[in-house]
């Protein structure tokens, strides 16, 4: 992606490099300058992302669906989105490929949970989902969507943890807890327990490679044993069931609370259809351990409420919720 965006001529001196012809270090090196952004430069992701968004903005009238997709649903060179129908998905793919091609970009490696959508894409432009070897995933097709495993056949999100043999030390605990990638907070209550053990070692002044204090071992061992159960958790990727019908009311509910050990919040979407049937779904959650410095419960509750307000603003913007009733 980076090589598709040229560097301004006045800035190419920052990308100078030496080159020995035929790899012969005994010869005089030649000096070159990169004309495009390169992998490894800290500026490359930002410049490439800006170029992609600029391309979308310049063509928003001709390609409205594709432009909106790039502006809202792209993370660097990965795009993830949902559509209300197969027809709309196929139209979006055709638009986005045409739009990207106009800027010298090839958008490919498409994945979809619908075969009709995939069949509308040439085989060379489709992804080749990896086959999971773990029997817990039933050898089904898996794809990584921004760090989370997407079970394509069932259209669900799952967690896959590969245990690393870390010692029961402060350093080992940090390594295991930090390895759990959960950007939406679906398993945040579980992760909080691991963070609590880590915080207790900090409170007691345990060195990085000292053995875990005996009073912390039962909680830590039980938590490690439960790690294998993470693979049993399945989360529907779609907020609304397939045959739910026309939605007439959308509500966003936030819950926050705190204790001496930690505080957090969770956000739910509540849908009501034409038949007055209701469906609720967890959207996001966040937990944090309480500060080491003693803090009152009311103050911790206020801190949790602040997280809920932040989450509410983010969700309204990211999900495009215009006419939504919010309850805290």
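Residue numbers (my numbering): 29 to 356.
Backbone N, C-alpha and C fix where the C-beta goes; we use that ideal spot for every residue, glycine too.
Practice problem: Using the DSSP secondary-structure output, state which residues sit across from residue 301 in a beta bridge. | Solution: 275
Quiz item: Taking C-beta to C-beta, are residue 293 and residue 314 nearer than 8 angstroms?
Solution: yes
Quiz item: Apart from the five residues just before and just after residue 228, which ones in its own chain have a Cβ nearer than 7 angstroms to its Cβ?
Solution: 244
Practice problem: Report the three-state DSSP secondary structure of residue 339 (helix, strand or coil). | Solution: helix
Quiz prompt | For residue 393: DSSP bridge partner residues | solution = Residue 393 cannot be examined here, being either before or after the span of the chain that is shown, 29 to 356.
Quiz item: Which runs of the alpha helix (DSSP H), 4 residues or longer, sit entirely within the stretch 184-254?
Solution: 198-206, 216-231, 245-254
Quiz item: Out of 105, 218, 97, which has the shortest C-alpha to C-alpha gap to residue 111?
Solution: In terms of Cα proximity to residue 111, the closest of 105, 218, 97 is 97.
Self-check item: Continuous beta strand (DSSP E) stretch holding residue 46: start and end
Solution: 44-47
Quiz item: Once you ignore the five residues that flank residue 308 on each side, which residues in its own chain have a CB closer than 6 angstroms to its CB?
Solution: 296, 298
Exercise. Go through its chain and collect everything with a Cβ distance to residue 79's Cβ below 6 angstroms, but skip five positions before and after it.
Key: If we look at residue 79 and ignore the five residues flanking it on each side, its Cβ neighbours are 33.
Self-check item: residue 37 versus residue 99 - alpha carbon distance
Solution: 27 angstroms
Practice problem: Check whether the Cβ atoms of residue 55 and residue 91 sit closer than 8 angstroms, and answer yes or no. | Solution: no
Quiz item: Which first and last residues belong to the alpha helix (DSSP H) in which residue 116 is found?
Solution: The continuous alpha helix (DSSP H) containing residue 116 extends over residues 114-130.
Self-check item: Those residues which DSSP pairs with residue 106 across a bridge
Solution: 103
Quiz item: By DSSP, does residue 144 sit in helix, in strand, or in coil?
Solution: Residue 144 falls in the helix class under three-state DSSP.
Quiz item: Residues in its own chain within less than 7 angstroms of residue 67 by CB, not counting five upstream and five downstream?
Solution: Excluding sequence positions up to five before and after residue 67, its CB lies within less than 7 angstroms of the CB of 30, all in the same chain and listed in chain order.
Quiz item: How big is the Cα-Cα spacing for residue 121 and residue 94?
Solution: 8 angstroms
Quiz prompt | Any 3 or more C-beta pairs closer than 8 angstroms across the stretch 184-198 and the stretch 207-214 | solution = yes
Exercise. May I ask you to report which of helix, strand or coil DSSP gives residue 155?
Key: coil
Quiz item: So, residue 43 versus residue 62, is the Cβ gap smaller than 8 angstroms?
Solution: yes
Self-check item: Inter-residue CB distance, residue 280 and residue 354 (contact presumed, cutoff 8 angstroms)
Solution: 5 angstroms
Quiz item: Can you tell which of 180, 236, 258, 256 has its C-alpha closest to the C-alpha of residue 203?
Solution: Taking only the C-alpha atoms, the option nearest residue 203 is 236.
Self-check item: Nearest to residue 332 (by Cα), restricted to the options 247, 286, 151
Solution: 286
Quiz prompt | Neighbour-count burial assignment, residue 140, 16 or more Cβ in a 10 Å radius | solution = buried
Quiz prompt | residue 73, enclosing beta strand (DSSP E) - first and last residue | solution = It is not in any beta strand (DSSP E) - residue 73 instead sits in the alpha helix (DSSP H) that spans 72-86.
Quiz prompt | Inter-residue CB distance, residue 302 and residue 276 (contact presumed, cutoff 8 angstroms) | solution = 6 angstroms
Self-check item: C-alpha gap between residue 240 and residue 230, whole angstroms
Solution: 11 angstroms
Quiz item: Going straight from the alpha carbon of residue 259 to that of residue 176, what length do you get?
Solution: Going by C-alpha positions, residue 259 is about 12 angstroms away from residue 176.
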